[in-house]
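Remarks on the structure that follows.
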Amino acid sequence: MKTLGKYSIGLGDRFGHQGAAQLKAIISASEKGVEITPVWNKSNREHITIGTQPADVRIEADTVTRDAGFKKSYFVDADHINLDTVGRFIESSDFFTIDVASYIGKKATDEEIKEFVGSVEKYEGELSIPGTKLSFKISKDQILQIAEKYLFAAIKAGDIYRNIEKTKGKGNFITEVSMDEVAQSQTPVELFFILKMLASLKIPVQTIAPKFSGRFNKGVDYVGDPKMFAKEFEQDLLIIDYAVREFDLPLNLKMSIHSGSDKFAIYPYIGSIIKKYDKGIHLKTAGTTWLEEVIGLAESGGEALDFVKGIYRGSYEKIDELCAPYADVIDIKIASLPSVKNVSEWNNTKFSASLKHIPGNPDYNPDMRQLIHVAYKLAALQMKDYFRLLESNEQTVSKCVYENIYKRHICRLFDIK
Ligand SMILES: [Zn+2]
Numbered sequence: 000m001k002t003l004g005k006y007s008i009g010l011g012d013r014f015g016h017q018g019a020a021q022l023k024a025i026i027s028a029s030e031k032g033v034e035i036t037p038v039w040n041k042s043n044r045e046h047i048t049i050g051t052q053p054a055d056v057r058i059e060a061d062t063v064t065r066d067a068g069f070k071k072s073y074f075v076d077a078d079h080i081n082l083d084t085v086g087r088f089i090e091s092s093d094f095f096t097i098d099v100a101s102y103i104g105k106k107a108t109d110e111e112i113k114e115f116v117g118s119v120e121k122y123e124g125e126l127s128i129p130g131t132k133l134s135f136k137i138s139k140d141q142i143l144q145i146a147e148k149y150l151f152a153a154i155k156a157g158d159i160y161r162n163i164e165k166t167k168g169k170g171n172f173i174t175e176v177s178m179d180e181v182a183q184s185q186t187p188v189e190l191f192f193i194l195k196m197l198a199s200l201k202i203p204v205q206t207i208a209p210k211f212s213g214r215f216n217k218g219v220d221y222v223g224d225p226k227m228f229a230k231e232f233e234q235d236l237l238i239i240d241y242a243v244r245e246f247d248l249p250l251n252l253k254m255s256i257h258s259g260s261d262k263f264a265i266y267p268y269i270g271s272i273i274k275k276y277d278k279g280i281h282l283k284t285a286g287t288t289w290l291e292e293v294i295g296l297a298e299s300g301g302e303a304l305d306f307v308k309g310i311y312r313g314s315y316e317k318i319d320e321l322c323a324p325y326a327d328v329i330d331i332k333i334a335s336l337p338s339v340k341n342v343s344e345w346n347n348t349k350f351s352a353s354l355k356h357i358p359g360n361p362d363y364n365p366d367m368r369q370l371i372h373v374a375y376k377l378a379a380l381q382m383k384d385y386f387r388l389l390e391s392n393e394q395t396v397s398k399c400v401y402e403n404i405y406k407r408h409i410c411r412l413f414d415i416k
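Reminder that position 236 of the sequence shown reads as 235 in numbering that gives the first Met the number 0, one-by-one numbering, no gaps.
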């Protein structure tokens, strides 16, 4: 069976030019004794926006690993797929993030619900996790509510899983189930019963992406109380560990953090909690690489700087259209955005410092950063020029990509000095 390493990181590369720089960050971590499995992920939405195919991601991953002589495992993740979109990903992907968000809240049949509730009767009353101080009160009503809210979604996950398994064969791919793109976070008790549902449906889920409280806005830091997050994360981790012991689930099942890039405030907590319990983690960091391309082009100056100023102008003009698909995962204060006229007068240092995620730098502007994060469509509309500039400024751009993944993400999360 294909198994995902203990530590893995989702590397999105929207325009397919930075795979080598991203892999270099993985290799640097390995040289420091931290083995991380790279996973190149791209969602259907990103493919449609840019005009790429899932096969393009496979070609990129195979090429950059071969060129670097990278002999360890790596994966290509069909990110956030459902029954409607999974088809074209099946051949080239070996990691599938089954997104059940849109099915949550829809009800399974009465018989299905009854059967599930009957199968977990023994957890009614008090659920105490052995070896910890953690315990939860669980009523019959609560189990029924959880079944009504999540069982249909779990059944759909099973349908999608079997659809993939039919073609790829059992054990030939990694399965993730994601529930992060919803309004409400799941409680540890909900997570426990969701895992029971997935186990009963024989879905060999290796990573699960719950929704946490606080905001996970794209490309910027965590918004919320990091200590509260830590508590929630620790409880989820312990409940997953318990579920693995209780139900028929893969032993390496671990948490996946979506919109995980740039959440510097919570990395030390994630890092210390997974160390404390000797657990793994999957961190998705897709969009941060596109931002580094923009920063690298800005630093390059000249025509490249003019190009990214054009992206900013375009994004400012089309802000509503660009932000709409990402409403739950961005939070832009329009009044804090610099005017297009101001930006047109900026030099390369000022532009790149405004976007580069260095907390505490007075030039850093998280609102501008989020806007550019969702503006990759504008580069896709001028792909020829964009690729020409990426290629002629490759050194500067790939250095930005590498340093961002390695120094700002990996070193922080895994406490590498
Ligand atoms: Zn996600």
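Each residue gets a CB set at the ideal place from its N, CA and C atoms; glycine is no exception.
Values in this document were obtained by computation on a predicted structure and should not be read as measured data.
Integer Cβ distance of residue i from residue j, believed to fall under 8 Å
| i | j | result |
| --- | --- | --- |
| valine 119 | phenylalanine 192 | 6 Å |
| valine 219 | glutamine 369 | 6 Å |
| glycine 279 | lysine 253 | 4 Å |
| aspartate 384 | phenylalanine 306 | 7 Å |
| tyrosine 375 | arginine 13 | 5 Å |
| glycine 4 | serine 72 | 7 Å |
Residue i, DSSP secondary structure in three states
| i | result |
| --- | --- |
| methionine 382 | helix |
| aspartate 76 | strand |
| alanine 208 | strand |
| lysine 253 | strand |
| threonine 287 | helix |
| lysine 41 | strand |
| phenylalanine 246 | coil |
| arginine 387 | helix |
| valine 373 | coil |
| glutamate 233 | helix |
| serine 7 | strand |
| valine 219 | coil |
| phenylalanine 135 | strand |
| threonine 84 | coil |
| arginine 411 | helix |
| threonine 395 | helix |
| threonine 2 | coil |
| arginine 214 | strand |
N-terminal and C-terminal residue of the alpha helix (DSSP H) that residue i is part of
| i | result |
| --- | --- |
| isoleucine 280 | Segment 280 to 283 is the beta strand (DSSP E) holding isoleucine 280; no alpha helix (DSSP H) there. |
| phenylalanine 192 | 187 to 199 |
| phenylalanine 350 | 347 to 354 |
| lysine 275 | 266 to 276 |
| serine 314 | 301 to 316 |
| arginine 65 | 53 to 66 |
| valine 328 | No alpha helix (DSSP H) holds valine 328; DSSP gives it neither H nor E. |
| alanine 19 | 18 to 30 |
| asparagine 341 | 339 to 343 |
Counted within 10 angstroms of its Cβ, other Cβ atoms place residue i as buried (16 or more) or exposed
| i | result |
| --- | --- |
| methionine 178 | buried |
| proline 424 | Residue numbering for the chain in the displayed model covers 0 to 416; residue 424 lies beyond these limits and cannot be assessed. |
| lysine 406 | exposed |
| isoleucine 35 | buried |
| methionine 0 | exposed |
| serine 127 | exposed |
| asparagine 171 | exposed |
| threonine 174 | buried |
| lysine 121 | exposed |
| glycine 68 | exposed |
| glutamine 185 | buried |
| asparagine 346 | exposed |
| asparagine 341 | exposed |
| alanine 326 | exposed |
| proline 209 | buried |
Bounding residues of the beta strand (DSSP E) (the contiguous stretch that carries residue i)
| i | result |
| --- | --- |
| glutamate 175 | 173 to 177 |
| aspartate 109 | Segment 109 to 118 is the alpha helix (DSSP H) holding aspartate 109; no beta strand (DSSP E) there. |
| glycine 124 | 124 to 127 |
| tyrosine 160 | That residue, tyrosine 160, is in no beta strand (DSSP E); its alpha helix (DSSP H) goes 139 to 167. |
| isoleucine 97 | 94 to 98 |
Cβ-Cβ distance between residue i and residue j below 8 Å
| i | j | result |
| --- | --- | --- |
| serine 353 | methionine 367 | yes |
| isoleucine 89 | threonine 2 | no |
| isoleucine 103 | tyrosine 160 | no |
| asparagine 360 | serine 335 | no |
| alanine 18 | glutamate 59 | Inspection of the sequence shows that residue 18 is occupied by glycine rather than by alanine. Their beta carbons are under 8 Å apart, which means glycine 18 touches glutamate 59 by this criterion. |
| serine 29 | proline 53 | no |
| glycine 11 | glycine 295 | no |
| valine 99 | valine 38 | no |
| leucine 133 | valine 204 | no |
| aspartate 78 | threonine 62 | no |
| histidine 281 | phenylalanine 215 | no |
| leucine 143 | valine 181 | no |
| glycine 9 | threonine 348 | no |
| alanine 264 | proline 324 | no |
| leucine 388 | alanine 303 | yes |
| threonine 131 | leucine 237 | yes |
Within-8 Å CB hit, residue i to chain B
| i | result |
| --- | --- |
| isoleucine 357 | Judged by its chain identifiers, the structure shown contains no chain B, having just a single protein chain. |
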